[in-house]
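Participant:
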Ligand SMILES: C[S@@+](CC[C@H](N)C(=O)[O-])C[C@H]1O[C@@H](n2cnc3c(N)ncnc32)[C@H](O)[C@@H]1O
């Protein structure tokens, strides 16, 4: 496992906008290394409560003393799309969703999320179920691979990369992050500043973990869990996710929820230059906060 730690993003902005009542019930859907959860607990008084979720067992099993000893805190190892199994309707004062994966997960070569280190091609956030990236890359049809790279990766070389993957896997199954990264590099003709595997790895991770489907579900679930006046705060790192959040707040693309939200303050908040300097991984973050209204 990696020793890398995750730096919580836009903590001040989240707390300022999320916490209305210090006695309220809050939900952190994405516990990760507990950076936001820790700050939320600091801001609550002794009657406040925090329920945190994460579907990665490594995150929920390795709780620090700070959390274990705090009777206001409860941890749940499950997908945030199952929020309503744990939180009663209209009881939460605030729901926080900090999308994606943590630096701890990204930097752990055994998890297979990164093209920067060599490791097994896994990429499952919950590695006890579902298919791994290795299985998908070696079995999906060329068309499916192209579509994932084009739609989720928005990569203009999606066809060439999918073709190269299919040609390679006939000879030898693709097993590691390094093998996949080398295939991507060899398929891409133009050199750019960004590593050519950046979009491709992110797209495969989003596909394997059904991240967009999970996002649609958690937004709907949050709208029921929140009380009127309660706040939804979502941090996303990618324009596809941000568009889903924005449209949900606007009342568009809903599946069943008809609950209204009003933006709090500006429609979106970006990290300060100071934060980006201290934590370059925060640079693509976008925070949207909205209040549930009648
Ligand atoms: C960006 S990190 C959160 C970091 C956290 N806010 C902190 O301060 O350390 C995202 C976390 O969400 C978790 N996650 C991603 N998708 C999830 C899902 N569908 N259900 C529950 N947890 C999920 C990941 O395992 C990861 O730990």
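Residue numbers (our numbering): 38 to 331. Idealized CB from N, CA, C, for every residue including glycine.
1) Determine, using beta carbons only, whether residue 245 and residue 170 come nearer to each other than 7 Å.
2) Less than 6 Å between the CB of residue 199 and some heavy atom of ligand 3, yes or no?
3) Would you be able to state if there are at least three C-beta pairs under 8 Å between the segment 294–301 and the segment 155–168?
4) If we call anything under 7 Å between Cβ atoms a contact, is residue 259 one with residue 269?
5) Does DSSP put residue 121 in a helix, in a strand, or in coil?
6) Any chance you could list the beta strand (DSSP E) runs of at least 3 consecutive residues sitting entirely within the segment 47–111, in chain order?
7) Count the other C-beta atoms from every protein chain shown that fall within 10 angstroms of the C-beta of residue 207, then say buried if there are 16 or more, exposed otherwise.
8) According to DSSP, what are the bridge partners of residue 11?
9) Taking buried to mean at least 16 other C-beta atoms within 10 Å of its own C-beta, is residue 214 buried or exposed?
10) Taking all protein chains shown into account, do 16 or more other C-beta atoms lie within 10 angstroms of the C-beta of residue 17, making it buried, or fewer, making it exposed?
11) Hey, is the segment 189–205 in contact with the segment 222–234, meaning 3+ C-beta pairs nearer than 8 Å?
12) Let's test the definition: count the other Cβ atoms within 10 Å of the Cβ of residue 142 and tell me whether it reaches 16, buried, or not, exposed.
13) Does at least one heavy atom of ligand 1 sit under 6 Å from the Cβ of residue 92?
14) Output the residue ranges of the beta strand (DSSP E) runs that lie fully inside the segment 231–276 and measure 3 residues or longer, sorted by chain position.
15) Find the nearest neighbour of residue 225 within the set 241, 199, 281 and 182, judged by alpha-carbon distance.
16) Who are the near neighbours of residue 212 in its chain, counting only those whose CB is closer than 8 Å to its CB and skipping five residues on each side?
17) Which first and last residues belong to the beta strand (DSSP E) in which residue 135 is found?
18) Taking only heavy atoms of ligand 1 into account, decide whether any of them is closer than 6 Å to the Cβ of residue 67.
19) Strictly by DSSP, which residues pair up with residue 213?
20) Apart from the five residues on each side of it in sequence, which residues of its chain come closer than 8 Å, Cβ to Cβ, to residue 55?
Facilitator: The short version:
1) A contact, by the Cβ cut-off of 7 Å.
2) Absence of ligand 3 from the depicted structure is noted, with ligand 1 being the only ligands included.
3) The segment 155–168, when compared against the segment 294–301, does not touch it at the 8 Å Cβ threshold.
4) A distance below 7 Å separates the beta carbons of residue 259 and residue 269.
5) In the three-state reduction of the DSSP assignment, residue 121 falls in the helix class, which pools H, G and I.
6) If only complete runs of 3 or more residues are kept, the segment 47–111 shows the beta strand (DSSP E) at 62–65 and 86–90, in order along the chain.
7) By the neighbour-count rule (16 or more Cβ atoms within 10 Å), residue 207 is not buried but exposed.
8) No answer is possible for residue 11: it lies beyond the span of the chain, which begins at 38 and ends at 331.
9) The C-beta of residue 214 has 16 or more other C-beta atoms within 10 Å across all chains shown, which makes the residue buried.
10) Since the first residue of the chain shown is 38 and the last is 331, residue 17 is not available in this structure.
11) With three or more CB-CB distances shorter than 8 Å, the segment 189–205 counts as touching the segment 222–234.
12) The residue is buried, with at least 16 neighbouring Cβ atoms inside 10 Å.
13) Result yes, Cβ under 6 Å from ligand 1.
14) Listed in chain order, they are 263–273.
15) For the set 241, 199, 281 and 182, the Cα lying nearest the Cα of residue 225 is the one of 199.
16) Taken in chain order, the residues that qualify are 157, 158 and 171.
17) DSSP places residue 135 inside the beta strand (DSSP E), whose first and last residues are 129–135.
18) Yes, ligand 1 has a heavy atom inside 6 Å of this Cβ.
19) Answer is 157.
20) These residues qualify, in order along the chain: 63, 77, 131, 133, 268, 270 and 326.
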